[in-house]
Amino acid sequence: MPVIANQEDVKSLVESLNFAQKVDRSLGLIREAYEEFGERLVVANSLGKDSVAVWDLAKQVSQDIRGFIVTTRFKPKETVNFMHQTVARYPELRVYSNDVPIPNRLYETDPDQCCDILKVEPTRRAIEEMNVACWVTGLRCTEGRTRTDFQEVEERDEGLIKLNPILIWYEREVWQYLAVRQVPVNPLYAKGYRSLGCLPCTRITNGPDERAGRWVGTSKCGGECGIHTRPLKTDYQI
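This is how it looks when you write it as structure tokens:
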């Protein structure tokens, strides 16, 4: 698969392509990857606006494409209900979680470890059990400060391709796509959230950074849970 050469190319694409061109490009990236990897291409669906847009794009490419959802014991009830509705509609979405005991309020004392246990480990397990060669995400480089160095096609783990087909979309273009396609979205957005996570670690904010409401008051404010930054191969131990 082609790989964007450098960050200037990504920045240029963000600014130069219009909405229709970006949709066509995203569909083309998924189609090309599906032709190469077949059933070993799997979509990671976080149930956020970007993920459900990517899931809808993937289903336009092939109804046979599978996916997985990682959930945690701290997800808001709205997200849990939306997850059940989504899985009922798409049973090819497998749900993964980690129910091991953890220290009380670990999300406050060590949020990185909390995310490693509750999000990274189930993601690693999903990739292993579903025999994934290419996983598809809803990551965008316009989301915030921690997401500016990604590429549309990456191989951060040897032998595991990561495809970010809407990397160059603006937030408004995601909402435009969802409106045009009439894709159901998590009801938390109607309450003012812009980026969704676990209940204790997500706030409504009014700053320009989409992810500013994540892990507010901790060392990883506006940061990452780890699935995009930690190794995901089976020989990695948390």
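Numbering follows this note's numbering, in which position 41 of the sequence shown is assigned residue number 41; successive positions increment by one, without gaps. For each residue, glycine too, the CB sits at the ideal point set by N, CA and C. From a predicted model like this one, the values you see are computed outputs, not experimental measurements.
Problem - Endpoints, alpha helix (DSSP H) assigned at residue 78 - result: Translated into positions along the sequence shown, residue 78 becomes position 78. Start and end: 77–89.
Handout entry: Start-to-end residues for the beta strand (DSSP E) that takes in residue 154
Key = Position 154 of the sequence shown, counted from the start, is the residue given in the question as residue 154. Here the beta strand (DSSP E) through residue 154 covers 153–157.
Practice task
Going by CA-CA distance only, name the one from 191, 111 and 174 that's closest to residue 217.
Solution key: Position 217 of the sequence shown, counting from 1, holds the residue named residue 217. Nearest C-alpha to residue 217: 111.
Handout entry: Rounded separation between residue 99 and residue 105 - CA only
Key = Position 99 of the sequence shown, counted from the first residue, corresponds to residue 99. Position 105 of the sequence shown, counted from the first residue, corresponds to residue 105. Roughly 15 Å between the two C-alpha positions.
Practice task
Please report how far the alpha carbon of residue 66 lies from the alpha carbon of residue 35, in whole angstroms.
Solution key: Here residue 66 corresponds to residue number 66 of the sequence shown, with the count starting at 1. Here residue 35 corresponds to residue number 35 of the sequence shown, with the count starting at 1. Roughly 14 Å between the two C-alpha positions.
Exercise for the section: Under 7 Å Cβ to Cβ from residue 238, same chain only, skipping five residues before and after it: list those, please. Expected result: The residue you call residue 238 lines up with position 238 of the sequence shown. In this predicted model, residue 238 has a pLDDT of only 44, less than 50, meaning its place in the structure is not dependable; the value taken from the coordinates is given anyway. Here the set comprises 116, 117, 120 and 121.
Handout entry: Given residue 69 as reference, the closest of 87, 152 and 142 once Cα atoms are compared
Key = Within the sequence shown, the letter at position 69 stands for residue 69. Here the closest residue by C-alpha is 87.
Problem - Continuous beta strand (DSSP E) assignments of at least 3 residues falling wholly in the segment 118–201 - result: 134–136, 153–157 and 160–163
Exercise for the section: Mind reading off the beta-carbon distance from residue 153 to residue 166? Whole number of angstroms is fine, and I expect it under 8 Å. Expected result: On the sequence shown, residue 153 is found 153 positions in, with the first residue counted as 1. On the sequence shown, residue 166 is found 166 positions in, with the first residue counted as 1. Wrong, their Cβ atoms sit about 13 Å apart, outside the cutoff.
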